[in-house]
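Residue numbers (the UniProt record's numbering): 1 to 835.
Each residue gets a CB set at the ideal place from its N, CA and C atoms; glycine is no exception.
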């Protein structure tokens, strides 16, 4: 016996007493589906194809409650489209490289592969138990050589196109995991995976030029409007962060090349009274005066110990040091001091900004602290910021702005200043993006090796294609312990190789790739399983891609989803595919929580999926997670009842046991009320599934079960009524989307050959969808006086007669003659009385 969630108790043996043995059914149908390859997608099947994909799992332990929800959602769509007659591909694989396996290998003194493949085996068994309609013939693991050889091949394609490059710079560094992190993997200043405070470290790293595709990534969202959740599109737009403005050149004393800064408000240049440079930028180190260097370097060390979130916080007390040099404002020739300050980041543009303290609160706070000039250049009617300490950001008239004085149109002001800058060759109009290039190097072992050899003579040299894959050496246990550099750096026999170009002694790159590289193209590999001439066959992509329905969490909006879109566009430009967006439709699922909080061992509110499946059976758990609410909402397991779901499934199963009419019986002679209910359900449930309202579809199934039970229990034909068979057959088909095991049992009990997955979703009879009655609204002088239930086919004369016969209408007329009637059948009769 088990007690979970709502506190209800259930014996699993009760299922058997109800006529449906969940455990026996699960074992039976798992074997049948595997033996008959029921869900295998056939390349030679001529039917219209649909590609349904769930974001693939990481093999860390067994499946959990979050998996239960996410994969149930994708399976609903896959099974529905199969019943609709499509040739459906619904594959599965594992995102199998990564830190958890490496850390486990260090703890257990073993190779990461052992932990990885053991967990994959465990999860695979659970996936099969969970009754998902997966095509196991296309299974992949990103740590297999047959997969990562093509990850390396794709890297080299990017390298040849100039989209993969190496540079020095300060990077996000996780001190616990001892590896760099992309900006997207830092959440509120913490490592997304382990929660450690992220610091800065100067390293030479590999990047992908995702910024080259920033505008395309924005523009192509037009293809996704209405098909992706609005919040995901908004998150990507904000992350890409398009800004229109100007590049402005400031001459720095003692430096031949000007410093170029970006501003969205070039019209405020007359208010720029100082310049700020990021202390951890190469520019600050270059221009600092000798006399200021000791103080600057001491300050820099302090800044390195803080994170970007802290530095950008509005509550952070801004600090800085003067660099001992001056810049020249290009519009008025004014000399302004240059400071290094922690509220400017090196990743922003050139790492420098022009400070206009009167109209930017951060600049104003800094100016007030260090007694720097504040000059108002836009009069908004508010108090002068130099006196109030509050920056004004609204529109107004230009003041203290030379030729702009008296002008009040912001757009005109921008155009005039930009024209002046371009005429002087000191600036130009431009567009910039918040998006930074994708940092993909990782200083850990269990990942895809970067296929580059560093030669002292030839530079960075691609590993020849015939030498791919670059395999990982056999390291394990303590050899994998993080040391601040990749463990591969100590594998000298593996690292030291001849240069492929000149033959001189050279070294392999010892970093591995971010696992997001693996997941940025895996959905394409499913189309060509086992193919050894490339990552995929173009004709296979033409057959299956892009993905028709993708299912996964919103937490991947600015990482996996953005990176996959980038990869797709690059591969399109390289000529390997002919579409721009990888995922046509996207469905986000919420989280499964318990007692109002995320499940956690420390909180003691964890729910074990395996125990739930043992207690209630797979079907009841699947039905519960789908029925709990809209897919995107969180599910609180304390508020749901798998025991109730189990009882409902037992009721549905009993319907099949009581049907006594023969398969193929003509339902036309059956109970007309039940037939109407059945065909309404056929129409409504199909529409609900296609629109993602799965929980409402379950509610409609429950209503049809109740209607069928009512007909069965009424005096008369009972189980012999062919309308009961029609309803029960459809209930089984609809339930197969959510509870496949009981649906298979019902289908077989009803006398059909298995599998129900091979059946066809019925078409609703339009005649049975017609309403028995509609509401006819009657108005007198524009006010509603009556609502009458009438035949949908009512004529105009009958409608007017029914309206005039109503007592409320007669009282409203008060004996006055009818001057005019306006009739819009079958919904409205409007009466205009005479005097």
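Residue range 199–208 is occupied by the beta strand (DSSP E) that includes residue 208. For the pair residue 154 and residue 535, the CB atoms are nearer than the 8 angstroms cut-off.
If you look at residue 339, you'll find it in the beta strand (DSSP E) that goes 335–341. With 16 or more other Cβ atoms inside 10 Å of its own Cβ, residue 336 counts as buried. The DSSP-derived three-state label of residue 58 is coil.
Every unbroken stretch of the alpha helix (DSSP H) spanning 4 or more residues and falling wholly within the UniProt domain "Methionyl/Leucyl tRNA synthetase" (56–196) is given here in chain order: 65–83, 99–108, 112–129 and 145–160.
Here residue 499 is not near residue 450, since their CB atoms are 8 angstroms or more apart. DSSP places residue 525 outside any beta strand (DSSP E); the residue lies instead in the alpha helix (DSSP H), whose first and last residues are 522–525. Counted as a single uninterrupted DSSP element, the beta strand (DSSP E) harbouring residue 462 occupies residues 459–462. At a Cβ-Cβ threshold of 8 angstroms, residue 636 and residue 594 count as neighbours. Under the three-state reduction of DSSP, residue 32 is assigned to helix. Straight-line spacing of the CA atoms in residue 582 and residue 529 works out to 18 angstroms.
Burial check for residue 784: the Cβ neighbour count within 10 Å stays below 16, so the residue is exposed. In this structure, DSSP gives residue 794 a state outside helix and strand, which the three-state scheme calls coil. Residue 628 carries a coil assignment under DSSP once its states are collapsed to helix, strand and coil. Here DSSP, grouped into helix, strand and coil, assigns residue 513 to strand. Counting only runs that start and end inside the region 220–270, the beta strand (DSSP E) elements of at least 3 residues fall at 242–252 and 259–263. Of 756, 718, 721 and 664, the smallest CA-CA separation from residue 731 is found for 756.
Ranked by Cα distance from residue 618, the options 400, 669 and 646 are led by 646. Judged by DSSP in its simplified three-state form, residue 40 adopts coil rather than helix or strand.
If the five residues before and after residue 321 are omitted, its C-beta is found closer than 6 angstroms to the C-beta atoms of 295, 296, 299 and 340, all from its own chain and listed in chain order.
Secondary structure note for residue 567: its alpha helix (DSSP H) is the uninterrupted segment 560–573. Beta-bridge annotation (DSSP): residue 402 is not paired with any residue. The beta carbon of residue 808 sits closer than 7 angstroms to the beta carbons of 785 and 786 from its chain, once the five residues preceding and following it are set aside; these are given in chain order. In the DSSP assignment, residue 361 is bridged to no other residue.
Distance from the CA of residue 764 to the CA of residue 679, rounded to the nearest whole angstrom, comes to 5 angstroms.
Residue burial is scored here from C-beta neighbours: residue 200 has at least 16 other C-beta atoms within 10 angstroms and is therefore classed as buried. Among the bridge pairs identified by DSSP, residue 507 is matched with 454 and 496.
Under DSSP, residue 588 forms a beta bridge with 552.
Taking 8 angstroms as the upper bound for CB-CB distance, residue 439 and residue 171 are in contact here, some 6 angstroms apart. If you draw a straight line from the Cα of residue 738 to the Cα of residue 689, it comes to about 11 angstroms. Distance from the CA of residue 800 to the CA of residue 788, rounded to the nearest whole angstrom, comes to 11 angstroms.
With respect to the 8 angstroms criterion, residue 271 and residue 376 are classified as neighbours on the basis of their beta carbons. Under the 10 Å beta carbon count, residue 317 is surrounded by fewer than 16 other beta carbons and is classified as exposed.
If you draw a 10 Å sphere on the C-beta of residue 41, you find 16 or more other C-beta atoms in it, and that means buried. If you compare the alpha carbons of 465, 342, 255 and 663 with that of residue 301, the shortest gap goes to 342.
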